[in-house]
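Student:
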Amino acid sequence: MTIELIVVLLVAPLIGFLINGLLGKWLKGNEQLSGWIGSLAVLVSLVCSIIAFASLHGGAAPFDETLYEWITGESFAFNIGFRVDALTSVMLLVITGVGFLIHVYSIGYMHGDEGYTRYFAYLNLFVFAMLILVLGNNYLMMFVGWEGVGLCSYLLIGFWYEKQTATDAGKKAFIVNRIGDFGFLLGMFTLFAAFGTLDFASIFEAAEADNFQKVFGASTLVIATLLLFVGAIGKSAQIPLYVWLPDAMEGPTPVSALIHAATMVTAGVYMIARSAVLYNIAHTGEVVAWIGVLTAFFAATIALTQNDIKRILAYSTVSQLGYMFLGVGVGAYASGIFHLVTHAFFKGLMFLTAGSVMHAMANELDMRKMGGLKTKMPITHWTFLVGALAIAGFPFLSGFWSKDEILHSAWGSSPIIYVIGLVTAFLTAFYMFRLIFVTFYGESRVEPDVDSHLHESPPVMWVPLAILAIPSALIGLLLGWGGHESWFHHFTKSVFPEAHHDASGNVILFMVISSIVGLAGIAFAWSRYRERTPSDEPTNALHRLLANKYYVDEMYNALIVQPIKNGSHYLLWRIVDNGIIDGIVNGVGTIIRFIGGTLRRLQTGLVQVYIVSMVLGIVLFLAYYLFFT
Amino acid sequence: MLLSIVIFLPLLGVIAIALLRGLGASAIKGIALVIGLLTFIVSLGLYTGFDTTTATFQNVTQQAWIPGLGTSYHIGIDGISLWLVLLTTFLTPVCILAAWNSVEKGLSGFMMSLLALETGMLGVFCALDLFLFFVFWESMLIPMYFLIGIWGGERRIYATVKFVLYTMAGSALMLVGILALYFQNNNSFDLTTLSGPFEHSHLLFLAFFIAFAIKVPLFPFHTWLPDAHVEAPTVGSVILAGVLLKMGTYGIIRFCLPLFPDAATEFTPLIVPLAVIGIIYGALVAMVQPDLKKLVAYSSVSHLGFVVLGLFSKNPAGIQGSVLQMINHGLSTGALFLLVGMIYERRHSRMIVDFGGLAKGMPIFATIFMIVTLSSIGLPGLNGFVGEYMILFGSFVQGAFSKIYVVLATAGVILAAVYMLWMFQRVMFGTLDKTNEALPDLNAREIVVMLPILLFIVWIGVYPKPFLSKMEKSVGLVVTQVQTEPAVGRAGEQILQDTELALHGTQRAQNEKIEKEAETK
Chain A
3 MTIELIVVLL
13 VAPLIGFLIN
23 GLLGKWLKGN
33 EQLSGWIGSL
43 AVLVSLVCSI
53 IAFASLHGGA
63 APFDETLYEW
73 ITGESFAFNI
83 GFRVDALTSV
93 MLLVITGVGF
103 LIHVYSIGYM
113 HGDEGYTRYF
123 AYLNLFVFAM
133 LILVLGNNYL
143 MMFVGWEGVG
153 LCSYLLIGFW
163 YEKQTATDAG
173 KKAFIVNRIG
183 DFGFLLGMFT
193 LFAAFGTLDF
203 ASIFEAAEAD
213 NFQKVFGAST
223 LVIATLLLFV
233 GAIGKSAQIP
243 LYVWLPDAME
253 GPTPVSALIH
263 AATMVTAGVY
273 MIARSAVLYN
283 IAHTGEVVAW
293 IGVLTAFFAA
303 TIALTQNDIK
313 RILAYSTVSQ
323 LGYMFLGVGV
333 GAYASGIFHL
343 VTHAFFKGLM
353 FLTAGSVMHA
363 MANELDMRKM
373 GGLKTKMPIT
383 HWTFLVGALA
393 IAGFPFLSGF
403 WSKDEILHSA
413 WGSSPIIYVI
423 GLVTAFLTAF
433 YMFRLIFVTF
443 YGESRVEPDV
453 DSHLHESPPV
463 MWVPLAILAI
473 PSALIGLLLG
483 WGGHESWFHH
493 FTKSVFPEAH
503 HDASGNVILF
513 MVISSIVGLA
523 GIAFAWSRYR
533 ERTPSDEPTN
543 ALHRLLANKY
553 YVDEMYNALI
563 VQPIKNGSHY
573 LLWRIVDNGI
583 IDGIVNGVGT
593 IIRFIGGTLR
603 RLQTGLVQVY
613 IVSMVLGIVL
623 FLAYYLFFT
Chain B
239 MLLSIVIFLP
249 LLGVIAIALL
259 RGLGASAIKG
269 IALVIGLLTF
279 IVSLGLYTGF
289 DTTTATFQNV
299 TQQAWIPGLG
309 TSYHIGIDGI
319 SLWLVLLTTF
329 LTPVCILAAW
339 NSVEKGLSGF
349 MMSLLALETG
359 MLGVFCALDL
369 FLFFVFWESM
379 LIPMYFLIGI
389 WGGERRIYAT
399 VKFVLYTMAG
409 SALMLVGILA
419 LYFQNNNSFD
429 LTTLSGPFEH
439 SHLLFLAFFI
449 AFAIKVPLFP
459 FHTWLPDAHV
469 EAPTVGSVIL
479 AGVLLKMGTY
489 GIIRFCLPLF
499 PDAATEFTPL
509 IVPLAVIGII
519 YGALVAMVQP
529 DLKKLVAYSS
539 VSHLGFVVLG
549 LFSKNPAGIQ
559 GSVLQMINHG
569 LSTGALFLLV
579 GMIYERRHSR
589 MIVDFGGLAK
599 GMPIFATIFM
609 IVTLSSIGLP
619 GLNGFVGEYM
629 ILFGSFVQGA
639 FSKIYVVLAT
649 AGVILAAVYM
659 LWMFQRVMFG
669 TLDKTNEALP
679 DLNAREIVVM
689 LPILLFIVWI
699 GVYPKPFLSK
709 MEKSVGLVVT
719 QVQTEPAVGR
729 AGEQILQDTE
739 LALHGTQRAQ
749 NEKIEKEAET
759 K
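Keeping their order, the protein sequence lines are chains A and B.
Each residue of the first sequence is one higher than the last, beginning at 3 in my numbering.
Each residue of the second sequence is one higher than the last, beginning at 239 in my numbering.
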């Protein structure tokens, strides 16, 4: 592996962005070309990623080099540098692999859109930023990518900028993420204060050295890791900052697949896995695990009652991210990242199939207006089914392996967490198959005029679906066979420290329990929704609470957004700024004018008055000297 | 000599325009632009010839001027003023080009004011004699007074009088301070011979600081700024935000910190909270402004709060960040005012509610606006981030004050995204109505105006090293001057402990690194 390879890997999407961004005007007539340029750029990165992976797999040492000095002074150095180890390599393959397929799919999906070249420019820019995020060899580089993907997310959510809801959602995503970034920044400062550098290698080495704990105690690391986790909560949509992700579905569906399912939202998980050494020393993983499992459960309950396909998938993503945090939180870093990988495939696949449905249904998203799509769209149906089975933990499909590993490790950490995770697994299987049955089975409820156009998607769309379906089904088996002795664990062993807990208990027993729970969820969904559509109105208080997503958005709006807005307008601007501060400033002027105006009256211009006052003055002075001195 | 040419070349342009204005509008504009560009090109010589290995003043010229008064024509630049000089010579031709078609009456007067203003500003940044400094400082008020008062908006007279009186109130205090220093310096105004400690240093510090704080403007001295910006013509706003405000922060770094280190240390617990209030308060008030120019004006209050915070962190990273942020703010806020001006010329409104959906009809405008917006909110990869990051990082790791202020200031980063993106959404996104549909996109001249600024926005963001390395030594000197023994009775033992802990941490890690390297060898 050489620096040239990494630079090519990184810069290819940037070049794609520049071509589509700057020459968009000329490419407009030829949208196919624009789409293929974008896809080709990512393909170059994919090839480079494979080369890097092969070299690591062949036993090469991790790559860690500085490209150039960025922000440097006498007492600090922040460089542009890259690190490629097993963890990075896995992320690279996911980003460029899934990314490439989604680019190709987009060629068909975005066909005829006015902003076609702009779309591919943004998408390439996103890949570029995401690559920086995982390639950086220090926290600041990670932060650069972190903010970059946030920007692209903002641009792509609000891609159809004439739609108010879309731009609102984009803005919300950026701002909520910034709240997380606030934690990330402070976390970096804390780390630098303790270590004098932000380079991963130096920090981890110093943290592992015994004398570090003697000098600083673990408290510095506790603060630093928790602050970093605040950043992860924002980016990976966990409680309490998850609210932006469901709204992010306003963007084009391939964007939801790539950014809001497969790659960007998993950045928080990557960050914690990357900082595994620190979390192990600080013992803050427990906080991560709890936030993760609670988010997983909470989001799954919301998903139960939604009727918008993409929203169900969005809440499902929030929930699955919770699983990943649960995994890395209990110290099963490899398992968490393993779930990240399988999830990227099956959730990316499900979003793309949802896009395929939308494509056929004139952008309809309400599954109550679907039903019986199985016969009209067989490939879409089958591929979606593969994804749903994978996420539901159907035996031997990919989700089964990764989720089971996480639950197994959770048991070793805390049985309560395990139980919540297991219940969530049941809910997941249920809501996913509720979606399947209502959308693809039963009688068609499609409006007649839409029905006449109902068709399977073109090859440029369904081929990526078919390709993605293969790893969604099999990758778990390939990488995860053997549990903690699997290929994936071996490959990533060098990156992650030993976990705290011992993975005790009968592995087979855990697998059986998980399988039963998943199948039960599917069965329950079958019994309820095989021939029934969801009711339009919530039937009871709990249902209403869930259907309205616990009123969290309303609460944030009433408790945070409105008070800040009104307080700034009326209190700060009108009263403090215009009233008090400017009042004092202008008041000084008024007082001076007033004094001047008063004194002016003395200057009457009558000589007699002047003489009288002069004489009076002399008399007063004389009196003073005569009687008081 | 080179520096004198840079300073007075614009004045030559003023004379040339005065003599040749009979030749018509295009000649006037041509002369102004040529002079502006020429000044910039000549000033590049200052950059290329700059010696980064020393902190002392370079390109120094000293000529007897009024010997009886103890004042001389003494100019020179260091790694700090170099950048402000270049910022000034860069922005002036940009402004001349931007004002190409927008001045309807009194074109020659306008261009003459602009060029005279340039000389005044350059003089302020180069003067090494307190008297000379004061002369430039005051003389620059006159052309600005005309720019706002003649070519401004409806309430221009109110705004320009407020601006001038407010600044002069501060200047009066500074004049007293300058005279007090004169008498303590063997009846000489020479800055380079000044060395403390001075008598009544606390009062002197305040005399200078209040003058500069008004200029910055530091909360609560900021209310002249929104009025001045709203009424000023576009290029007036650009110069005002881009360069004039920097004279305040430049004054702090040139006079307040090195001359009165004890007083600076003692007043830090008072000034830093004001800076942090400015960051958050400015952002919150900016958020609710209905007028685009006012929004940008209040955002300046917020941004300059960061600069003041960095200056009083009194460590290399923080102060370097502040100096860089002065340039950044000049570029990005200057660009914002230019863009607001371009849209005002088309629509004759600056009210946010009047717009919406412009991205559809004016894609080039929207793209440039987006990049500048991102620069302003500190997106990594663009200039704003580097400055802000260094300020916050320096303040947190080695700052001479409690970390809680840094935490609050960092929260300002969230608010910046709120007010800028909300504004952007309301102006650029949504549906396009009939009136706005007719607005043409940027023309070639306007793109030429914006491109150089965009170039620097990206350059500083991606590769700030040329900028940082030039200022490193000079900032280092200021740091050593201001980091004297802590004064007696300094409030807050905690602050000291914090600093020590942070320094200790850095030191420790470095020591370990050295040890380890030694071991491996």
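Cβ coordinates follow ideal geometry from the N, Cα and C atoms, glycine included.
Out of A/627, A/376, A/399, which has the shortest C-alpha to C-alpha gap to residue 443 of chain A?
Tutor: A/376
Student: With DSSP as the reference, label residue 456 of chain A as helix, strand or coil.
Tutor: Residue 456 of chain A sits in coil when the DSSP states are folded into three classes, being neither helix nor strand.
Student: When you check each C-beta in the stretch 151-178 of chain A against every C-beta of chain B, which residues fall closer than 9 Å?
Tutor: 152, 153, 156, 157, 160, 163, 164, 165, 166, 168, 169, 170, 172, 173, 176, 177
Student: In this structure, what does DSSP give as the bridge partners for residue 83 of chain A?
Tutor: A/68
Student: Fully enclosed by the stretch 137-202 of chain A, which alpha helix (DSSP H) runs are 4 residues long or longer?
Tutor: 141-159, 166-197
Student: Which same chain residues end up closer than 6 Å to residue 321 of chain B when comparing Cβ atoms and leaving out the 5 residues on each side of it in sequence?
Tutor: 565
Student: Work out the CA separation of residue 170 of chain A and residue 94 of chain A for me, nearest whole Å.
Tutor: 31 Å
Student: Using 10 angstroms around the beta-carbon of residue 273 of chain B, count the other beta-carbons present and answer buried if the total reaches 16, otherwise exposed.
Tutor: buried
Student: Who are the Cβ neighbours of residue 496 of chain A in its own chain at under 8 Å, not counting the five residues just before and after it?
Tutor: 64, 87, 88
Student: Kindly indicate if chain A contains any beta-carbon less than 8 Å away from that of residue 575 of chain B.
Tutor: Not one chain A Cβ lies under 8 Å of residue 575 of chain B.
Student: Are the beta-carbon atoms of residue 427 of chain A and residue 350 of chain A separated by less than 8 Å?
Tutor: no
Student: Along chain B, which residues have their Cβ under 9 Å away from the Cβ of residue 408 of chain A?
Tutor: Per Cβ cutoff of 9 Å: no residues; residue 408 of chain A is ~32 Å from chain B at best.
Student: Check whether the stretch 522-535 of chain B touches the stretch 288-307 of chain B, taking contact to mean three or more Cβ pairs, one atom from each stretch, closer than 8 Å.
Tutor: no
Student: For residue 81 of chain A, which residues in the same chain have their Cβ closer than 6 Å to its Cβ, ignoring the five residues on either side in sequence?
Tutor: Same-chain partners within the cutoff: 68, 71, 72.
Student: What is the DSSP secondary structure of residue 301 of chain B, reduced to helix, strand or coil?
Tutor: DSSP places residue 301 of chain B in strand when its eight states are reduced to three.
Student: In or out: residue 239 of chain B buried (at least 16 other Cβ within 10 Å) or exposed?
Tutor: Within a 10 Å sphere around the beta-carbon of residue 239 of chain B sit fewer than 16 other beta-carbons, which makes this residue exposed.
Student: If you run the structure through DSSP and keep just helix, strand and coil, what is residue 595 of chain B?
Tutor: coil
Student: Can residue 584 of chain B and residue 338 of chain B be called in contact, C-beta distance under 8 Å?
Tutor: no
Student: Leaving out five residues on either side along the sequence, give the residues of the same chain with a beta carbon under 7 Å from the beta carbon of residue 513 of chain A.
Tutor: 406
Student: Taking 8 Å as the threshold (beta carbon to beta carbon), is residue 195 of chain A in contact with chain B?
Tutor: yes
Student: Using a 10 Å radius around the Cβ and a threshold of 16 neighbouring Cβ atoms, would you call residue 613 of chain A buried or exposed?
Tutor: Exposed: under 16 other Cβ atoms inside 10 Å.
Student: So the beta strand (DSSP E) residue 383 of chain A belongs to, where does it begin and stop?
Tutor: Looking at the DSSP string, residue 383 of chain A is not in any beta strand (DSSP E); the run it does join, the alpha helix (DSSP H), is 380-394.
Student: Distance, Cα to Cα, residue 732 of chain B vs residue 510 of chain B?
Tutor: Note that residue 732 of chain B has pLDDT 43, beneath the 50 cutoff, so the model's placement of it is unreliable and the number below is only indicative. Residue 732 of chain B and residue 510 of chain B: Cα-Cα distance of roughly 15 Å.
Student: Looking at chain B, which residues of the stretch 67-84 of chain A have a Cβ within less than 8 Å of any of its Cβ atoms?
Tutor: 70, 71, 72, 73, 74, 75, 76, 77, 78
Student: With a threshold of 8 Å, are at least 3 pairs of Cβ atoms found where one atom belongs to the stretch 254-263 of chain A and the other to the stretch 188-203 of chain A?
Tutor: no
Student: Near residue 513 of chain B, what residues of its chain come up, given a Cβ to Cβ distance below 6 Å and the 5 sequence neighbours on each side ignored?
Tutor: 543, 546, 547
Student: Please list, in chain order, the residues of the stretch 137-148 of chain A that have any C-beta partner in chain B closer than 7 Å.
Tutor: 145, 146
Student: Can you find a CB in chain A that lies within less than 8 Å of the CB of residue 383 of chain B?
Tutor: no
Student: Beta-carbon of residue 725 of chain B versus every beta-carbon of chain A: anything under 8 Å?
Tutor: Unreliable placement is indicated for residue 725 of chain B, whose pLDDT of 37 sits below 50; the coordinate value is still reported in the next sentence. It does not; no Cβ of chain A falls within 8 Å.
Student: Based on the DSSP secondary-structure assignment, which residues constitute the bridge partners of residue 589 of chain B?
Tutor: B/529
Student: For residue 587 of chain A, go through chain B and note every residue whose CB falls closer than 8 Å to its CB, in chain order.
Tutor: 400, 404, 461, 462
Student: Have a look at A/102, A/430, A/566, A/103 and flag the residue whose alpha-carbon is nearest the alpha-carbon of residue 299 of chain A.
Tutor: A/430
Student: Reducing DSSP to helix, strand and coil, say where residue 314 of chain B ends up.
Tutor: strand
Student: Who are the Cβ neighbours of residue 725 of chain B in its own chain at under 6 Å, not counting the five residues just before and after it?
Tutor: A caution first: residue 725 of chain B carries a pLDDT of 37, below 50, which makes its placement in the model too unreliable to give a value.
Student: Does the Cβ of residue 435 of chain A have 16 or more other Cβ atoms within 10 Å, making it buried, or fewer, making it exposed?
Tutor: buried
Student: Which residues of the stretch 558-570 of chain A have a Cβ closer than 8 Å to any Cβ of chain B? Give them in chain order.
Tutor: 566, 567, 569, 570
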